[in-house]
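Chemist: Provided herewith is a single structure, encoded as structure tokens, for subsequent inquiry.
2 protein chains.
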Amino acid sequence: MARNTINISGNLFGLILAVLESAPLHGYGIAREIESRSADALSFGEGTLYPALRALEQDRFIESGWDTSGPGAARKVYSLTPSGTQELARVRQAWLDYSRSVDKVMGAQARPTTA
Amino acid sequence: MARNTINISGNLFGLILAVLESAPLHGYGIAREIESRSADALSFGEGTLYPALRALEQDRFIESGWDTSGPGAARKVYSLTPSGTQELARVRQAWLDYSRSVDKVMGAQARPTTA
DNA sequence: AAGTATACATCGATTATCGATGTATTGCCA
DNA sequence: TGGCAATACATCGATAATCGATGTATACTT
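For the record, the sequence lines run as chains A and B.
According to our numbering, the first sequence is numbered sequentially starting from 33.
According to our numbering, the second sequence is numbered sequentially starting from 33.
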């Protein structure tokens, strides 16, 4: 990757949790949903996704179960735990604080203070 | 550092370039200025700062000279090159694109489209 | 029959950032 | 005048996040 390209940059956990807030979803679907919501601006490979899911599950922010009902390969479906909902609120606030701070330093437009 | 803490996260180069856009400044002063503009929300140690300055200088986005006029230790004063001004425009746009995308996925307020 | 999309997973490499440590000067205050 | 904090440079190893490549398998489409 070219140096200094802004990619996922530390927000992957928040992105995943935010997607799971809407509904339980399997790994592959989470990645597609993040791409879709961001109009393909945010995208990452499996080597980024699956370790992140494992870390979030280990921290009990998400939990998983296998869905073998549909056709095709079995899907590992993840859902937010109560602790994960709390964590989402935390990282969402952290993101707002951080991005407003960067805006200030970079001299971008102020965004509404409504958190 | 705790896992999943949003820190500088890939924007350090942009932050430095943005500060230097206002006026030439030495390393220590750049760090203080970023802290000050962000109300201490963005902060980092010398082990982060100096390698970043060296990389930016190697890429010819900034250039340096020693200021021995004042009291105290000599200051290495950095200033933006024309190429650095271009680079700043590029990373500033990249930051806006990126942060708007994260906002979309995280479900934050939309920020004004005025770039 | 071939190719694409879905869906899981691992692995090593790279890179950014962190945290600790070191040197030296200046100014302040007790 | 002794000590501490602030200023100001710098290096170094550790860590953690992310990348990119690779692998398996099924399903659907052409």
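C-beta atoms are modelled at their ideal positions from N, C-alpha and C, and glycine is treated no differently.
Ignore the nearest five residues each way along the sequence and tell me which others in B:L88's own chain have a CB closer than 7 Å to its CB.
Modeler: Here residue 88 of chain B refers to the residue found at position 56 of the second sequence. Answer for B:L88: F45, I48 and I94, listed in chain order.
Chemist: For B:A50 and B:A71, what's the separation of their Cα atoms in angstroms?
Modeler: Locating residue 50 of chain B in the second sequence gives position 18, counting from the first residue. Locating residue 71 of chain B in the second sequence gives position 39, counting from the first residue. Taking the straight line joining both Cα atoms gives about 16 Å.
Chemist: Going by beta-carbon coordinates alone, are B:S111 and B:L52 separated by less than 8 Å?
Modeler: Here residue 111 of chain B is taken as the residue at index 79 of the second sequence, counted from 1. Here residue 52 of chain B is taken as the residue at index 20 of the second sequence, counted from 1. A contact, by the Cβ cut-off of 8 Å.
Chemist: When the cut-off is 8 Å and only beta carbons count, does B:G77 lie next to chain A?
Modeler: Against the second sequence, residue 77 of chain B aligns to sequence position 45. No, B:G77 does not count as interfacial toward chain A.
Chemist: In chain A, what lies closer than 8 Å to B:I66 by C-beta?
Modeler: Counting from 1 along the second sequence, the entry for residue 66 of chain B is found at position 34. Neighbours of B:I66 on chain A, chain order: V137.
Chemist: Compare the C-alpha of A:L120 against each of B:R132, B:G61, B:V137 and B:Q125 and name the closest.
Modeler: Looking up residue 120 of chain A in the first sequence gives position 88. Comparing Cα positions, the closest option is B:V137.
Chemist: Under 8 Å between C-beta atoms, does B:A50 make it to chain A?
Modeler: For this step, residue 50 of chain B is matched to residue 18 along the second sequence. Judged by the 8 Å Cβ criterion, B:A50 is in contact with chain A.
Chemist: Could one say the Cβ of A:L74 lies closer than 8 Å to chain B's Cβ atoms, at least one of them?
Modeler: Position 42 of the first sequence, counting from 1, holds the residue named residue 74 of chain A. Yes - at least one Cβ of chain B is within 8 Å of the one on A:L74.
Chemist: Thinking C-alpha only, which one of B:Y60, B:S54, B:P56 and B:L74 is nearest B:A105?
Modeler: Translated into the one-based positions of the second sequence, residue 105 of chain B becomes position 73. B:A105 has its Cα closest to that of B:Y60, out of B:Y60, B:S54, B:P56 and B:L74.
Chemist: Kindly indicate which residue of A:A55, A:R69 and A:Q118 has the alpha-carbon position closest to the one of B:G160.
Modeler: Absent from the structure is residue 160 of chain B, since the part of chain B shown begins at 33 and ends at 147.
Chemist: Grab me the residues of A:N43's own chain with a C-beta within less than 7 Å of its C-beta, minus the 5 sequence neighbours each way, in chain order.
Modeler: For the purposes of this step, residue 43 of chain A is taken as the residue at position 11 of the first sequence. The answer, listed in chain order, is W127.
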